[in-house]
Amino acid sequence: MWQIFHKLGSPKWFFGIATRLMPWLLAGALALLAVGLVWGLAFAPKDYLQGNSYRIIFIHVPSAFLAQSVYIMMASAAVVTLVWRMKLADVFVKAVAPVGLVLTFLALFTGAVWGKPTWGTWWIWDARLTSMLILLFLYGGAIALDRAINDEKSAARAVAVLVLVGVVNIPIIKYSVEWWNTLHQPATFKLTEKPSMPAEMWVPLLLSVLGLYLMFGWLACLRMQTEILVREQRTRWVKEHVLARRAG
Amino acid sequence: MAFDSFTAFIAMEGHGPYVWTCYGVFFLLVAAMMVWSWRRHQAELKSCRRVHEAADGSGRGSAQPTPATFTRVKVSQD
Amino acid sequence: MNAETRPLIKPQESGVSTVAAMRAVFSRDMKVAFRQRQDLLNPLLFFVMVVTLFPLGVSPEVSFLREAGAGILWVAALLSVLLSLDHLFRHDFDDGTLEQLVLQPQPLFLLVLAKTLAHWVLTGLPLVLLAPVLGVMVHLEGNSIAVLCLTLLIGTPVLSLIGSIGAALTLGLRSAGVLLSLLIIPLYIPVLIFGTGTVAAATEGAPVGAYVALMGAFLVLAITLAPFAAAAALRISLSNS
Amino acid sequence: MSVLNASDVACAHRPGYGALMSEPILQATNLQCERDERMLFRDLSFSILPGTVTRVEGANGTGKTTLLRILAGLNDAWSGELLWCGKSRNWHREEFLRNVLYLGHRPGIKALLTPMENLRALVAARRPVADTVLRQALSGTGLDGFHDVPCRRLSAGQQRRVALARLLIADEPLWLLDEVFTAIDAKGVSAIEALLQQRAAEGGAVVVTTHHELQLPGMRSIKLGEVAAQ
Numbered sequence: 023m024w025q026i027f028h029k030l031g032s033p034k035w036f037f038g039i040a041t042r043l044m045p046w047l048l049a050g051a052l053a054l055l056a057v058g059l060v061w062g063l064a065f066a067p068k069d070y071l072q073g074n075s076y077r078i079i080f081i082h083v084p085s086a087f088l089a090q091s092v093y094i095m096m097a098s099a100a101v102v103t104l105v106w107r108m109k110l111a112d113v114f115v116k117a118v119a120p121v122g123l124v125l126t127f128l129a130l131f132t133g134a135v136w137g138k139p140t141w142g143t144w145w146i147w148d149a150r151l152t153s154m155l156i157l158l159f160l161y162g163g164a165i166a167l168d169r170a171i172n173d174e175k176s177a178a179r180a181v182a183v184l185v186l187v188g189v190v191n192i193p194i195i196k197y198s199v200e201w202w203n204t205l206h207q208p209a210t211f212k213l214t215e216k217p218s219m220p221a222e223m224w225v226p227l228l229l230s231v232l233g234l235y236l237m238f239g240w241l242a243c244l245r246m247q248t249e250i251l252v253r254e255q256r257t258r259w260v261k262e263h264v265l266a267r268r269a270g
Numbered sequence: 184m185a186f187d188s189f190t191a192f193i194a195m196e197g198h199g200p201y202v203w204t205c206y207g208v209f210f211l212l213v214a215a216m217m218v219w220s221w222r223r224h225q226a227e228l229k230s231c232r233r234v235h236e237a238a239d240g241s242g243r244g245s246a247q248p249t250p251a252t253f254t255r256v257k258v259s260q261d
Numbered sequence: 002m003n004a005e006t007r008p009l010i011k012p013q014e015s016g017v018s019t020v021a022a023m024r025a026v027f028s029r030d031m032k033v034a035f036r037q038r039q040d041l042l043n044p045l046l047f048f049v050m051v052v053t054l055f056p057l058g059v060s061p062e063v064s065f066l067r068e069a070g071a072g073i074l075w076v077a078a079l080l081s082v083l084l085s086l087d088h089l090f091r092h093d094f095d096d097g098t099l100e101q102l103v104l105q106p107q108p109l110f111l112l113v114l115a116k117t118l119a120h121w122v123l124t125g126l127p128l129v130l131l132a133p134v135l136g137v138m139v140h141l142e143g144n145s146i147a148v149l150c151l152t153l154l155i156g157t158p159v160l161s162l163i164g165s166i167g168a169a170l171t172l173g174l175r176s177a178g179v180l181l182s183l184l185i186i187p188l189y190i191p192v193l194i195f196g197t198g199t200v201a202a203a204t205e206g207a208p209v210g211a212y213v214a215l216m217g218a219f220l221v222l223a224i225t226l227a228p229f230a231a232a233a234a235l236r237i238s239l240s241n242s
Numbered sequence: 369m370s371v372l373n374a375s376d377v378a379c380a381h382r383p384g385y386g387a388l389m390s391e392p393i394l395q396a397t398n399l400q401c402e403r404d405e406r407m408l409f410r411d412l413s414f415s416i417l418p419g420t421v422t423r424v425e426g427a428n429g430t431g432k433t434t435l436l437r438i439l440a441g442l443n444d445a446w447s448g449e450l451l452w453c454g455k456s457r458n459w460h461r462e463e464f465l466r467n468v469l470y471l472g473h474r475p476g477i478k479a480l481l482t483p484m485e486n487l488r489a490l491v492a493a494r495r496p497v498a499d500t501v502l503r504q505a506l507s508g509t510g511l512d513g514f515h516d517v518p519c520r521r522l523s524a525g526q527q528r529r530v531a532l533a534r535l536l537i538a539d540e541p542l543w544l545l546d547e548v549f550t551a552i553d554a555k556g557v558s559a560i561e562a563l564l565q566q567r568a569a570e571g572g573a574v575v576v577t578t579h580h581e582l583q584l585p586g587m588r589s590i591k592l593g594e595v596a597a598q
């Protein structure tokens with residue numbers, strides 16, 4: 023049992039798996055995103071309330087969805103870092119935090135642009151947008167803390183504590199922001215929650231969510247590999263790997 | 184196709200600028216992340232290779248690093 | 002072998018009780034703070050000054066101040082606590098007291114809790130006591146002021162507790178102050194929302210019991226979880242020094 | 369010689385039983401520590417025996433302080449095995465901490481408190497000690513007349529003496545002392561040397577790092593810095 027666990031945590035093992043996995047992830051991501059987004063942009067029917075501006079949903083929702091799940095993934099990795107001190111978990115958190123930040127920014131940006139034709143204003147203190155903004159701060163804090171600590175292991179563990187504290191807070195933040203929102207301005211109509219969405223709308227949405235997930239998988243693998251190279255630079259297997267690639 | 188013509192597709196009944204801005208920024212950022220991550224990966228591979236080639240070279244004695252002599256280097260005055 | 006030449010390994014039951022150790026930590030922090038009384042005034046002055054900025058910067062109109070007053074006081078209190086957090090572990094870290102604290106045989110999270118409690122008594126509690134005066138200055142009504150003080154009384158310990166995590170994480174780092182704010186402000190948002198929301202509800206004459214209970218739940222959650230996180234963070238920071 | 373069975377040997381939990389002199393109080397196996405991507409030491413194995421003074425030797429930057437902090441449990445960034453009386457130190461942390469005294473190069477003295485208050489706070493965490501005993505300890509380090517003066521008015525050497533006063537009343541079987549002679553005058557140094565020797569004779573285990581040429585009979589040493597040379 024522990025043997026398997028350790029093997030799973032071994033950077034060398036991961037490096038090999040990731041190299042084999044990445045072409046498939048990339049191909050899948052591009053294909054799904056292409057189908058989902060073209061379908062959503064050109065073929066899905068117009069929304070009877072919001073018109074064509076709703077087509078932003080096909081990127082807004084995947085970004086928002088992924089932004090949140092990346093944070094959850096980071097928190098899971100943080101547990102592994104703190105409990106088992108697995109190197110790969112440290113690498114994961116460090117590698118994906120900037121990706122999460124960019125995705126959160128995308129969710130915010132698309133939300134704001136979507137808000138203009140829908141609400142007539144760029145920014146509205148809507149519960150979802152506000153929660154996203156706070157998520158952006160949480161990502162920013164984690165990245166800033168990681169940059170501020172020189173020692174890699176200490177940085178990984180400090181960030182792990184922070185991310186865990188953050189993930190405990192996320193439901194509280196979400197709940198309190200929603201409560202605050204109803205207190206100040208009862209929502210007229212929400213951006214995404216539709217009573218029932220026809221299949222021509224949700225199928226492309228699902229495809230683009232899956233596509234972005236695979237894209238995230240590819241990015242995570244690539245960035246983790248880079249981080250592993252930085253950390254394991256002097257090991258024999260890295261040497262063999264880089265010298266073999268030159269020859270081949 | 185939900186649109187009658189390509190022009191209608193671009194215009195999106197007036198919502199075109201919003202939709203296309205979003206998609207534009209989305210593709211730009213995702214592509215930027217991909218390219219940037221890829222280039223950093225290649226740069227790191229290269230630097231690893233250099234480290235190990237240098238180590239190999241000195242190990243075999245083929246390309247000895249210059250010994251420290253602390254001789255002054257001539258700088259031309261032109 | 003002679004009996005005297007064997008050092009006695011101390012048995013488990015010996016030593017000082019955890020409560021006594023917590024009391025010692027608390028009273029030392031209080032003693033140190035009262036040797037430098039003028040420093041205790043700084044967060045209070047800051048609190049008053051930030052509150053003063055709003056009538057000057059936005060509007061001295063009674064209607065505006067009455068509506069925004071609770072929020073202004075809450076934000077100002079939050080910022081004062083944030084400002085004082087940097088000192089929570091910093092001096093102990095610099096003079097080596099923190100190393101000795103971590104090496105005490107008692108559970109570290111309880112000692113951290115004692116330190117945090119001292120921090121609250123020295124910064125949060127004075128803010129709560131000063132709040133009614135400022136509440137009158139921003140034209141809050143009697144009932145609202147009472148509720149505001151109650152929310153601050155429950156809320157400021159939460160601020161200290163959450164803040165202790167940030168203070169422990171940023172210990173010994175360059176520009177720790179700014180970083181601390183970046184890490185902690187997002188975590189303060191729920192307390193702020195419910196603190197001001199409760200006062201708003203009271204102003205409208207709505208019952209506030211449920212909201213106060215919810216803030217109490219935040220406090221319980223913070224007391225049970227934050228010291229663990231702060232203790233873990235302290236170990237990490239000391240390990241790195 | 370008394371007959372002891374296995375459960376009596378080595379760190380029994382009941383009062384009245386102690387470690388045998390030949391039984392290491394602390395045993396390190398293959399310690400390895402990397403800091404800021406630099407290997408400080410690896411494959412470092414040694415044992416600390418009761419009744420001995422051990423000196424950690426090595427040039428600047430070889431990790432003497434880090435090693436001491438690892439032994440004390442302040443630094444977690446290491447790998448290898450560390451046994452406390454034959455048991456894993458990390459799993460018996462509380463018992464270990466009860467039995468170890470660590471003095472870092474930051475002495476743990478609050479400048480705003482008096483020597484008495486400082487000493488009381490440091491000792492109070494471990495066991496209740498009467499004020500008269502504390503005063504005796506302070507006097508024993510040459511701080512007579514300074515007991516109730518705030519420490520910020522004392523010199524660096526005097527502040528260190530406040531921390532060292534703990535050694536005069538400490539009953540922990542393991543002492544870990546980092547740069548214990550810093551800012552101490554020649555007379556003080558020889559007094560401290562005698563103190564360490566006396567402690568060893570009582571059966572205590574002492575580990576010190578110092579730049580000062582320490583020569584005690586029967587002193588053992590741990591040499592650091594050989595990894596870097598390889």
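Chains as they are written, first to last, in the numbering used here: chain A, 23 to 270; chain B, 184 to 261; chain C, 2 to 242; chain D, 369 to 598. Every residue, glycine too, gets a C-beta built ideally from N, C-alpha and C. The model shown is predicted, which means the values in this text are computed figures rather than measured ones.
- In this structure, the beta-carbon distance from L125(A) to S85(A) falls below 8 Å.
- Considering only G429(D), T433(D), N486(D) and H460(D), the residue with the shortest C-alpha distance to K32(C) is N486(D).
- For R403(D), the residues of chain A that pass the 8 Å Cβ criterion are D173, in the order they occur in the chain.
- A Cβ of chain B is located within less than 8 Å of the beta carbon of A64(A).
- Taking 7 Å as the Cβ-Cβ cut-off, the stretch 234-265 of chain A approaches chain B at M237, L241, L244, R245, Q247, T248, L251, V252, Q255, V260, K261, V264 and L265, given in chain order.
- Only F209, L212, V213, M216, M217, S220, W221, R223 and H224 from the stretch 209-225 of chain B bring a Cβ to less than 8 Å from some Cβ of chain A.
- Annotation for M23(C): the continuous alpha helix (DSSP H) segment containing it runs T19 to R36.
- Contact check for S161(C) and V82(C): beta-carbon distance about 6 Å, within the 8 Å limit, so the pair qualifies.
- Here L118(C) has F27 as same chain residues with Cβ atoms under 7 Å from its own Cβ, once five neighbours each way along the sequence are excluded.
- Excluding residues up to 5 positions away in sequence, F94, S238, N241 and S242 lie with their Cβ nearer than 8 Å to the Cβ of G173(C) in the same chain.
- For C401(D), the beta-bridge partners assigned by DSSP are F409(D) and W446(D).
- Here A40(A) has C243 and Q247 as same chain residues with Cβ atoms under 6 Å from its own Cβ, once five neighbours each way along the sequence are excluded.
- For K455(D), not one C-beta of chain C is nearer than 8 Å to its own C-beta.
- A distance below 6 Å between beta-carbons, with the five flanking residues on each side excluded, links L59(A) to the following residues of its chain, in chain order: F80 and S230.
- If you draw a straight line from the Cα of V115(A) to the Cα of G125(C), it comes to about 35 Å.
- For E249(A), there is no enclosing beta strand (DSSP E); the enclosing alpha helix (DSSP H) covers residues A221 to R253.
- Apart from the 5 residues on each side of it in sequence, H140(C) sits with its Cβ closer than 8 Å to the Cβ of V63, L66, R67 and G70 in its chain, given in chain order.
- For R38(C) and L45(C), the gap between their C-alpha atoms comes out near 12 Å.
- In the displayed model, L59(A) falls within a helix according to three-state DSSP.
- R588(D) is bridged by DSSP to T422(D).
- Annotated three-state conformation of A237(B) is helix, per DSSP.
- For the options A226(B), G207(B), M217(B) and R255(B), the alpha carbon positioned closest to that of V264(A) is the one of A226(B).
- In this model, W202(A) and D148(A) are separated by some 10 Å (Cα to Cα).
- Using a Cβ-Cβ cut-off of 8 Å, L435(D) does not count as an interface residue toward chain C, since no Cβ of chain C sits closer than that to its own.
- W201(A) carries a helical assignment under DSSP once its states are collapsed to helix, strand and coil.
- Chain A places a beta carbon closer than 8 Å to that of A445(D), counting this residue as a contact.
- In the DSSP assignment, Y189(C) falls within the alpha helix (DSSP H) that extends over A177 to T204.
- Residue-level contact check: V256(B) does not touch chain A, since none of the beta carbons of chain A fall below 8 Å from its beta carbon.
- Spanning the alpha carbons of G97(C) and L228(B) requires a straight line of approximately 43 Å.
- In summary, P191(C) is buried, with 16 or more beta-carbon neighbours lying within 10 Å of its beta-carbon over all protein chains present.
- G217(C) counts as exposed, since fewer than 16 other beta carbons sit within 10 angstroms of its beta carbon.
- Two segments are said to touch when three or more pairs of C-beta atoms, one from each, lie closer than 8 Å; by this definition the stretch 443-456 of chain D does not touch the stretch 421-428 of chain D.
- A distance below 8 Å separates the beta carbons of R36(C) and L480(D).
- If you draw a straight line from the Cα of V76(C) to the Cα of T204(B), it is about 36 Å long.
- A Cβ-Cβ contact shorter than 8 Å links G156(C) with G196(C).
- Between M23(C) and L111(C) a beta carbon distance of about 6 Å is seen, short of the 8 Å cut, so the two are scored as contacting.
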